[in-house]
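Please read the structure below before turning to the comments.
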Amino acid sequence: MTFDGVDDFLLIDDTNALRFSDTNPVSFTLSAWLNPNANTTGIIINREGEYEIARFPNGNLHWALAIAAPRWRWIDTGVPLPLNQWSHIAFTYDSSLPEAQPCVPI
Numbered sequence: 003m004t005f006d007g008v009d010d011f012l013l014i015d016d017t018n019a020l021r022f023s024d025t026n027p028v029s030f031t032l033s034a035w036l037n038p039n040a041n042t043t044g045i046i047i048n049r050e051g052e053y054e055i056a057r058f059p060n061g062n063l064h065w066a067l068a069i070a071a072p073r074w075r076w077i078d079t080g081v082p083l084p085l086n087q088w089s090h091i092a093f094t095y096d097s098s099l100p101e102a103q104p105c106v107p108i
């Protein structure tokens, strides 16, 4: 796949394996390879109303889960994703733990 950085995205069909809720939490890991070329907000992975991983203009990786009040709470990992350099990121949610545990650039 090649993206031009303007308005591209990959749409994956809806599946129960990618869903979780307050009443039926599941554990999952999301990962991606990134090569940002501008300091803009970029959504990396999104499941509307459930989770999101993004790179903010300060260059840092942020994540949010909508599993408990307050619903959407962005967490700044404090880890910058450098411009014009490939980085591998991963985020793991273990439903048996009280908090999500982010795993960032490898």
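Residues in the sequence shown are numbered from 3 upward in steps of one, following our numbering. We put the beta carbon where it would ideally sit given N, CA and C, even for glycine.
Assigned exposure category for residue i - 16 Cβ within 10 Å defines buried
| i | result |
| --- | --- |
| His90 | exposed |
| Pro38 | buried |
| Trp74 | exposed |
| Ile45 | exposed |
| Asp6 | exposed |
Beta-carbon gap between residue i and residue j smaller than 9 Å
| i | j | result |
| --- | --- | --- |
| Leu2 | Trp88 | Given a span of 3 to 108 for the chain in the structure shown, any question on residue 2 remains unanswerable. |
| Ile2 | Ala34 | Because the chain spans 3 through 108 in this model, residue 2 falls outside it and cannot be assessed. |
Unbroken beta strand (DSSP E) run spanning residue i, endpoints
| i | result |
| --- | --- |
| Val28 | Taken as a continuous stretch (DSSP letters only), Val28 belongs to no beta strand (DSSP E), as it is neither H nor E. |
| Asn48 | 44-49 |
| Gly80 | 75-82 |
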